[in-house]
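These protein sequence lines map, in sequence, to chains A and B.
Under the numbering used here, the first residue of the first sequence carries the number 1, and numbering increases by one thereafter.
Under the numbering used here, the first residue of the second sequence carries the number 1001, and numbering increases by one thereafter.
Think of the CB as a built atom: it goes at the ideal place given N, C-alpha and C, for glycine as much as any other residue.
All figures in this text were calculated on a predicted structure; none of them were measured in a lab.
In what follows, a structure is listed as structure tokens, so that the remarks can point back to it.
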Amino acid sequence: MKKIPSAIFFLGLLQATNLTAQSRVVKDTLQSNGDSVVVTATRTERKLNNLTVPVTIINAKTIQQNGALRLTDILKEQTGLNLTSGFGAGIQLQGLNPDYTIILINGEPLVGRTAGVLDLNRIALGNIKKIEIVKGPSSSLYGSEAMAGVINIITDATMGAPLTIGLRYGTYNTLDANIETKLQSKNFQYQGFVNSYNTDGYSIRPNSNSRVTTPVGRYSTTQQIKWDLSNKTNFLLNARFTNEKIQNEIAVANNGVTIYSIGKENIKDVNASSSLNHRFNSTLKTSLRLYTTTYDAVQNLLTINGLPYRDVLNHNFKRIENQTDWDLNKKLQVIFGAGAVWEGVKSSRYDSEKVRKQNDIQYAFTQWEWKPSEKLTLIGGVRFDQNTQFASAYSPKLSMLYKWHPQHQFRLSIGQGFKAPDFRQLFLDFTNAAAGSYSVFGSAQAQQVIAKLETLGQIGNLFPNYYLLKALKPEYSNGMHFTWDWKINPSSALSVQLFRNDIKNLIESQQVGTYISGAQIYSYLNIGRAFTTGFEVEGQHKFSSNFTLSGGYQYLITGDKDQVAEIKSGTVYTKNSQGYSRLMKLNEYVGLPNTSKHKLQAKINYNSPKGYYLNVRAIYRSKWAVNNNNGNEVFDNGDVFASGYVAINSAAGKSFKNGLSIQCGVDNISNYIDATNLPNLPGRTFYTSIKYEFLQ
Amino acid sequence: MKKNLTKIGLFLSLGLALVACRKDEETIAVPLSAITVSNLAADTVTGLGVDGRPQSAGTTTYYSLVDNKVIASTDAASTKWDVAFSSTKILVNSGTSGPGLGGAFVFKGLFDDLKTIPTDSSFSTDNANAASYAIPLGSGKAWYTYDGLTTLVSPIAGRVLVIRTATGNYAKIEILNYYKGGITLPATASVNDKLFKQRYYTFRYIYQANGSKTF
């Protein structure tokens, strides 16, 4: 008799877990993807189908099934995006350098760039709901840095299993562990996430003990609280902390001599944001956001046969912002926003590491969304940024969506983006004692510093452009994106995008004079002009309910406009194999370094109803120019290229109904290695992981 | 028919050319052709210093463009040589470098296109005391660039060194290569190759013996 209730109880539990397990299954039809809600493109919640600008969404399921641990892992498999190396792993979007893409977490910017690059390995992907990528200038909403586009990482705020534990182990002793907690009461929600990542790093240089990727220990945590004060008001609190320790035995080759040294780096990254959101009525809502972040990096180099070297960078950023959304009527929706930023950097590369260099920004923006008919949506927006340290910037943007046919829609967007001069370009005060004692002075104080050196009799001569040094202007880009989406049938879709970005005022370092000794003095000026243009094609096809094939291709042309003009005027030469000079032709020009003409990726995905999955992903990137060696300053066919390559990754796993899921995977199956040009690509690596959700 | 016409035309023009040649035989000299000098060692590296810089004996290789041969360093203080090489430094027989009438400037353009030295050109001389040379020292200044990442020296395309020789005649030089055998080293070359195969000049030049500025 006693057995029956327990059996019923057991059945009930089974039922319950079944239900939970089922409710976790996300519909994965092509249709449902268009219904995904995007916040980054308009700073309001909009369905992907109704957006006027091109957006890519990477959802949690894709991240998890691809076995992606760090942000870099998933971004490198996206159309139009390439990883860059040097100063950490950055992302190149439609041919534009990492400096020009703003990285947001829940809409708030990350800081702490080294030479313009934000190391995306800093970001663990454990508790992420989705990643939204907006292509095209978006400064009209986000201000500086949103010149090529925006990558917004949205943390998981949905409620699920109260406790999830994940563990992964792989090649090079890479151990990743995380714990996720979710708690909920009537008007209170809490999510906590802790991640620890440790790796021995790897050495892919033959016959060398110097490691390309160094032993790294990263610890990061995210804590989120949502508190519903009433059914119209809520309060969100989000805190994130990352601590990264790197130990590296560095071998520096200088003119053939190798100097060994031990480097220790400690990077701390703290962000905290809070927002108070209130809905007055069905047509009016407002939110007040406070954000503060600090990035603190300390590097200590203990050279075996030399002096200790210390490099410090401390960047803080505080912001207050209000955004009000007002639906004037069914056809017209307006956003108003304004805010203030206090930003400062302390660095040992400035005149004094104790003095914080400060820049304050005040800004305001507005966006008007007009829907004259069911088929047409027009959005216009503009933002104004006023800075204390450099010229202010206007960023207008116009975009439209035309739903011509149930199967065809067109998007067109034209906008201006900008990137403010960074602190390094303004305040750098760096003299390299090792390599000829050259100096680089930030433009904000170059004239002052050089004038002082001149009174001391240190200056040999000053070039004409020294007198042109003045307040730097932001770098500007004008971007145009045209997209055609074609839903061929319920199981196939194709999207074609044409893009063009024209950049002016590029800030580049240039020699402005010499010391008495002949050593060079550099500063920064607005000199360059460049362009990137091309097209992207993305498509997917569902063969059956289990099998999906998806892929993307980008064709990219880039160039320095001044170099193109010089080549056309017949003043650029190149050398043939015997060393004889000859005139260079325009068709030999390959454009900007580190950009590839072709990038292709394809993915086959299998998902069984029983929870099994398998995916195989291939990425191809064509050759890119890395070094100028044939006697001119432009990149042409005769220069040094990194070879094109293919990397194939695969992962397989199963999710059980009791909350357990297992996965194993192999990255870079063909073991492609290029230690010089692809230090972020280790050889073949294996991993296996286990995750358990303690279901309610 | 057309073929025949072409033949006749060819015949006629050949005849005219022959007549023209005969007429100017006495005034036009034999066309000058470029001479290529290969593998000229210029203070080659002997090892590596403690400061991480290549070490060498500090020698200078003196060269006569007139006689197309190396001149012994014992004749450094003579007008027997026209140009001299020591690692990336190129000297002309002038000022602090030698007693000659030498001088030089860097012409931007192609070797073959420099048919006559422009009349407004000004030749500089060497002054070691002020670290000022007719062919300026340093990466990107005259004939080469140095890439700190690959540690390689590459001659700049479209640079001609216009030389006034020790005796006051004119010559033009194009530096073709800085590495042994005239073979450009790849960026991935070994440290040893980069160290020991550098400082071997390959260059081509034309020397005009008649004192004119036309090549």
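Leaving out five residues on either side along the sequence, give the residues of the same chain with a beta carbon under 7 Å from the beta carbon of residue 463(A).
511, 512 and 513.
Could you check if residue 490(A) is buried or exposed, using at least 16 other CB atoms within 10 Å of its CB as the buried criterion?
Exposed.
Using 9 Å as the threshold, is the C-beta distance between residue 476(A) and residue 418(A) below it?
Result yes, Cβ atoms of residue 476(A) and residue 418(A) sit closer than 9 Å.
Can you name the start and end residues of the beta strand (DSSP E) that residue 333(A) belongs to?
Unbroken beta strand (DSSP E) run through residue 333(A): 332-347.
Relative to the C-alpha of residue 231(A), which candidate in 285(A), 546(A) and 96(A) has its C-alpha closest?
Comparing Cα positions, the closest option is 285(A).
If contact means a Cβ-Cβ distance below 7 Å, which residues of the segment 1105-1120 of chain B contact chain A?
Answer in chain order: 1110 and 1111.
Count the CB pairs spanning the segment 1068-1084 of chain B and the segment 685-693 of chain A that are closer than 8 Å, and state whether there are at least three.
As far as the Cβ criterion goes, the segment 1068-1084 of chain B does not touch the segment 685-693 of chain A, which means the pair count is below three.
For the segment 1165-1187 of chain B, list every residue whose C-beta sits within 8 Å of some C-beta in chain A, in sequence order.
Those residues of the segment 1165-1187 of chain B that come within reach of chain A (Cβ to Cβ, closer than 8 Å) are 1174, 1175, 1176, 1177, 1182, 1184, 1186 and 1187.
Compute the Euclidean distance between the alpha carbons of residue 569(A) and residue 426(A), then round it to the nearest angstrom.
Rounded to the nearest angstrom, the two C-alpha atoms are 34 Å apart.
Evaluate residue 1205(B) with the Cβ neighbour count: other Cβ atoms within 10 Å of its Cβ, from every protein chain shown; 16 or more gives buried, anything less gives exposed.
Buried, by the Cβ-count rule.
What does a CB cutoff of less than 8 Å around residue 508(A) pick up in its chain, not counting 5 residues either side in sequence?
Around residue 508(A): 524, 525, 527 and 528.
Among the candidates 1053(B), 1087(B) and 1068(B), whose CA atom is the shortest distance from the CA of residue 1060(B)?
If we check each option's Cα against that of residue 1060(B), 1087(B) comes out closest.
Note down, in chain order, every chain B residue with its Cβ under 8 Å from the Cβ of residue 580(A).
In chain order: 1111, 1174, 1176 and 1204.
If you draw a straight line from the alpha carbon of residue 548(A) to that of residue 160(A), how long is it in whole angstroms?
Whole-angstrom Cα-Cα distance: 27 Å.
Check whether the Cβ of residue 568(A) lies closer than 9 Å to any Cβ atom in chain B.
Cβ-Cβ to chain B under 9 Å: no for residue 568(A).
Straight-line CA distance for residue 605(A) to residue 65(A)?
Their backbone Cα atoms lie some 9 Å apart in a straight line.
Please decide whether residue 84(A) counts as near chain B, where near means a Cβ-Cβ distance under 9 Å.
No, because no Cβ of chain B sits closer than 9 Å to the Cβ of residue 84(A).
For chain B, check one thing: does any of its Cβ atoms lie closer than 9 Å to the Cβ of residue 575(A)?
It does: the Cβ of residue 575(A) has a partner Cβ on chain B nearer than 9 Å.
Kindly examine the ligand FAD and report whether one of its heavy atoms sits closer than 8 Å to the Cβ of residue 185(A).
The ligand FAD is not part of this structure, which contains no ligands at all.
At the level of alpha carbons, what is the spacing between residue 1166(B) and residue 1126(B)?
The alpha-carbon atoms of residue 1166(B) and residue 1126(B) are separated by roughly 13 Å.
Just the Cα atoms here: how many angstroms apart are residue 562(A) and residue 114(A)?
Cα-Cα distance, rounded: 27 Å.
Report yes if the CB atom of residue 533(A) is closer than 9 Å to the CB atom of residue 505(A), and no otherwise.
No, Cβ-Cβ distance for residue 533(A) and residue 505(A) is not below 9 Å.
Taking only the alpha-carbon atoms, compute the straight-line gap between residue 67(A) and residue 428(A) and give it to the nearest angstrom.
Rounded to the nearest angstrom, the two C-alpha atoms are 40 Å apart.
Classify residue 97(A) as helix, strand or coil using the three-state DSSP reduction.
Coil, per DSSP.
Is the shortest distance between the beta-carbon of residue 483(A) and the beta-carbons of chain B less than 9 Å?
Chain B contact via Cβ: absent.
Give me the Cβ distance between residue 46(A) and residue 53(A), rounded to the nearest whole Å; I'm assuming they're in contact under 8 Å.
Residue 46(A) to residue 53(A), Cβ: 10 Å. No contact.
Quick one: is residue 583(A) near chain B, going by C-beta distance under 9 Å?
Yes, its Cβ sits closer than 9 Å to a Cβ of chain B.
Using a 10 Å radius around the Cβ and a threshold of 16 neighbouring Cβ atoms, would you call residue 536(A) buried or exposed?
Counting Cβ neighbours within 10 Å, residue 536(A) comes out buried, since at least 16 surround it.
At the level of alpha carbons, what is the spacing between residue 608(A) and residue 62(A)?
Using only the alpha carbons, I get a separation of about 15 Å.
To the nearest angstrom, how far is it from the Cα of residue 588(A) to the Cα of residue 1143(B)?
The straight-line gap from Cα to Cα measures roughly 22 Å.
Checking contacts by CB at 9 Å: is residue 1149(B) closer than that to chain A?
Answer yes: the Cβ-Cβ gap between residue 1149(B) and chain A drops below 9 Å somewhere.
Quick one: complete beta strand (DSSP E) runs, 3+ long, within the segment 580-661 of chain A?
Correct list: 581-583, 598-607, 612-621, 624-627, 640-642 and 645-655.
The alpha helix (DSSP H) with residue 566(A) in it runs from where to where?
It spans 561-568 - the alpha helix (DSSP H) in which residue 566(A) sits, taken as one unbroken run.
With respect to the alpha helix (DSSP H) encompassing residue 535(A), which residues constitute its N-terminal and C-terminal limits?
Where residue 535(A) is concerned, there is no enclosing alpha helix (DSSP H), although the beta strand (DSSP E) it sits in stretches over 520-542.
Tell me which residues share the same chain as residue 356(A) and place their Cβ nearer than 6 Å to its Cβ, disregarding the 5 neighbours each side in the sequence.
Only 344 and 346 meet the Cβ criterion.
Could you please give the first and the last residue of the uninterrupted beta strand (DSSP E) stretch that includes residue 399(A)?
Residues 393-405.
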